[in-house]
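Residue numbers (my numbering), protein chains in the order written: chain A, 1 to 136; chain B, 1 to 425.
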C-alpha cells in the first residue's frame, strides 16, 4: 500500500514538475518579451496591439502573429513593405528590419505577442530565430 | 397579484420598446447633443450620414450636395454623392461611382476633380452639380509616385487654371534605411526629385505626367490638408512632421520630448518654396528650425537656414488632414478668412496618451494669423483618454464649406459626415 502510494505520488510529482518547468520558462520569455515590445514595437503597434488604422497593422487575433513561425520571424528580421490586405484593410507604413535584436530578444518578443492580444500560439525559441538568420 | 405583476411587466416592456425605438424613428435634426461633439457657444452639429465607409476629403456643390472621396473603392463606390433631405437632417447616398480609392476631391468651374493615389481625374457636372458621365472621367494627371508610405494625393485648384497635388515622401526622414535606429540621412535626399513636395499641373490638360508638371514647392514630408486661400490668393498647406525622434535617436530625445516634437506646421507656399524636410524639423517650444538628427542634429543644433518659416506651429503628431479658409458669413465675424484644421489624431505619441481627433481654428487678419490656435470642435473620438488610435470612434479628415456657410467634416473610421452650423441666440 505504502509502496503503491509512493509510486503514484512520485509519478504525480515528476509529471507536474515536467509541465511546470516549461510553463515557467514560457512565462519568463513572455515577461522578457513584454520589455522588448515596449521598447521596440509599442510606438507603431501600440500598447494594445491595435496598430494604427491604415498605417501600421494590428497584432490582435492575427493569423500573421499566431500562424507560421518562420514567416513571422522573417518579418522581424527583414522588415516588411509589401502591400497586403488584413481583414480587408491596407496598411501603408513600412516596417524596418529589427535584425539588430538578439535571437533571444526576437524569440521573447514574438512569444509575447503570440500569447497576448487575443492570440494563443506556441512559443518561439532562440534556435528558431537562429535557423531563419542562417538561411538569409 | 398576478395581474399587477403582468401589468408591471407589460409597462416595462412598452417603456423599453419606446425608449429603444427612439433613435431609429426620430428625425436627425439638431437635438442639443451636437452628435457628440463639443462646440463653442451658438454652434450646433448634426451627423448627416454615418457608416458610409472611410471618408477622406469632401467637396460641396453650389446646390449643397456632398461629394465624398472614399479611401477604398469597394467595387465601384470610390466616390459617393450625398444629398441632404430638408428637415430630416439626413443625407442619404443618391449616387456612387469610381473604381478607385483615394483621398483628394474638389469642385471647380463645373468639374468634379478626384484622385487615386496615382492619378487625378475629372468629371463634367451638369447645371445641378451632378456628374454627367460617372463611368468615363477624363484622366488629367497620371503616374504619380505611390510607394505605400504617405501615398495619398490631396488636390486643390487656384483661379488661374492650375491644380496642385501633394506627393508625400515615401520615408519618415530620408534615412538610408527608413525608420531604422541610428541610420543616417541620405545627402542629398534623392526622394525630393519625385516626392516630398507639391506638384502643379494644368487643370484642363489630359494625361499630364511628372515631365509636364512643375515641382511647385519642396521639402514637405507629407501634406494631406491643403487649401487655396482666396484672401491672399496663395496656397496654404499643413505638413505632417516627422515621427519617432526617440525611437531612432534615444540619445538625444526622451519619450516625452518625442511625443511633443516636432511641430505640425502650416506653410504659405509660392512657386519655389522650400520647407526644409528632411534636413530640419520645427521645434514649436523653442520656436526654432532644428537640424534633423539624421543630418548631425542633437536636439540643440539649429538648421534649415534656407528653409522658410512656418506660419503656425502646432504640437507634434496631431496629423492635420484637412485645411479650410472660411469665407462664409454664417459664422461670427471672428471666423472670417480664418483657418480650420481637421486633426486626424496622433499615433506617434505612445507611450504617452494620444492627442488630436479635433477640428482647430486659427484666426487670420490680412493674410496672417491674428491670434493663437484654439480647439473649435472636439470629442470626435468619443473618449477622453486615448492610448491607441483604434479606440477613437471618429477621426476628422476632410473639411468643406457649404453654400450657406455651414462647415462639413468627414470621418474616416467608419464614415460619418458632420454638418456644423451657427445661429445667434
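Every residue gets a Cβ at the ideal spot worked out from N, C-alpha and C, and that includes glycine.
Source: prediction; values computed, not measured.
- Secondary-structure assignment with DSSP links residue 38 of chain B through a beta bridge to B/378.
- Residue-level contact by beta carbon holds for residue 390 of chain B and chain A, with a gap shorter than 9 Å.
- The alpha-carbon separation between residue 166 of chain B and residue 104 of chain A amounts to approximately 43 Å.
- Counting along the chain, the unbroken alpha helix (DSSP H) around residue 112 of chain A starts and ends at 103 to 114.
- Taking 8 Å as the upper bound for CB-CB distance, residue 344 of chain B and residue 397 of chain B are in contact here, some 6 Å apart.
- Annotated as proximal: residue 375 of chain B and residue 359 of chain B, with beta-carbon spacing under 9 Å.
- Assigned with DSSP and collapsed to three states, residue 162 of chain B falls in strand.
- Per DSSP, the unbroken alpha helix (DSSP H) holding residue 247 of chain B starts and ends at 245 to 248.
- Close CB contacts of residue 184 of chain B within its chain, under the 7 Å cut and outside five residues either way in sequence, are with 175, 176, 294 (chain order).
- In the same chain as residue 330 of chain B, and ignoring 5 residues on each side of it, the C-beta atoms closer than 8 Å to its own belong to 404, 405, 406, 421, 422, in chain order.
- The beta carbon of residue 52 of chain B sits no closer than 9 Å to any beta carbon of chain A.
- In this structure, DSSP gives residue 45 of chain A a helical state, which the three-state scheme calls helix.
- Rounded to whole angstroms, residue 325 of chain B and residue 27 of chain A show a C-alpha spacing of 56 Å.
- Take residue 351 of chain B, set aside five residues on each side of it, and the residues of its chain with a beta-carbon closer than 7 Å to its own are 255, in chain order.
- The Cβ neighbour count for residue 224 of chain B, taken over all protein chains shown within 10 Å, is at least 16; the residue is labelled buried.
- Nearest to residue 157 of chain B by C-alpha distance, out of B/395, B/297, B/108, B/411, is B/108.
- With a cutoff of 9 Å on beta-carbon distance, residue 341 of chain B and residue 371 of chain B are scored as not near each other.
- Close to residue 96 of chain A, with beta-carbon spacing below 7 Å, are these residues of chain B in chain order: 177, 178, 179, 180.
- Non-local beta-carbon contacts of residue 101 of chain A in its own chain, meaning distances under 8 Å to residues more than five positions away in sequence, involve 36, 40, 76, 109 in chain order.
- Between the C-alpha atoms of residue 367 of chain B and residue 338 of chain B there is a straight-line separation of about 9 Å.
- Assignment of beta strand (DSSP E) within the segment 90 to 120 of chain B, counting only whole runs of 3 or more residues, yields 93 to 97, 105 to 108, 111 to 115 in chain order.
- Sequence-distant Cβ neighbours of residue 83 of chain A in its own chain, meaning closer than 7 Å and more than five residues away, are 90.
- When secondary structure is reduced to three states using DSSP, residue 196 of chain B falls in the coil class, being assigned neither helix nor strand.
- Measuring C-alpha to C-alpha distances from residue 409 of chain B to each of B/62, B/32, B/67 identifies B/67 as the nearest.
- With a threshold of 16 other beta carbon atoms within 10 Å, residue 98 of chain A meets it and is buried.
- By DSSP's assignment, residue 291 of chain B forms a beta bridge with B/280.
- Flagged as an interface residue toward chain B: residue 83 of chain A, by a C-beta distance shorter than 9 Å.
- From the listed residues B/36, B/171, B/298, the smallest Cα separation to residue 219 of chain B is found for B/171.
- For residue 42 of chain B, the CB contacts under 7 Å within the same chain, skipping 5 residues up- and downstream, are 422, 423, 424, 425 in chain order.
- In the pairwise beta carbon analysis, the segment 111 to 122 of chain A is classified as touching the segment 46 to 63 of chain A: at least three pairs are separated by under 8 Å.
- When secondary structure is reduced to three states using DSSP, residue 33 of chain A falls in the helix class.
- Nearest CB-CB separation between residue 51 of chain A and chain B: below the 9 Å threshold.
- The count of Cβ pairs closer than 8 Å, one atom from the segment 248 to 265 of chain B and one from the segment 187 to 196 of chain B, stays below three, leaving the stretches out of contact.
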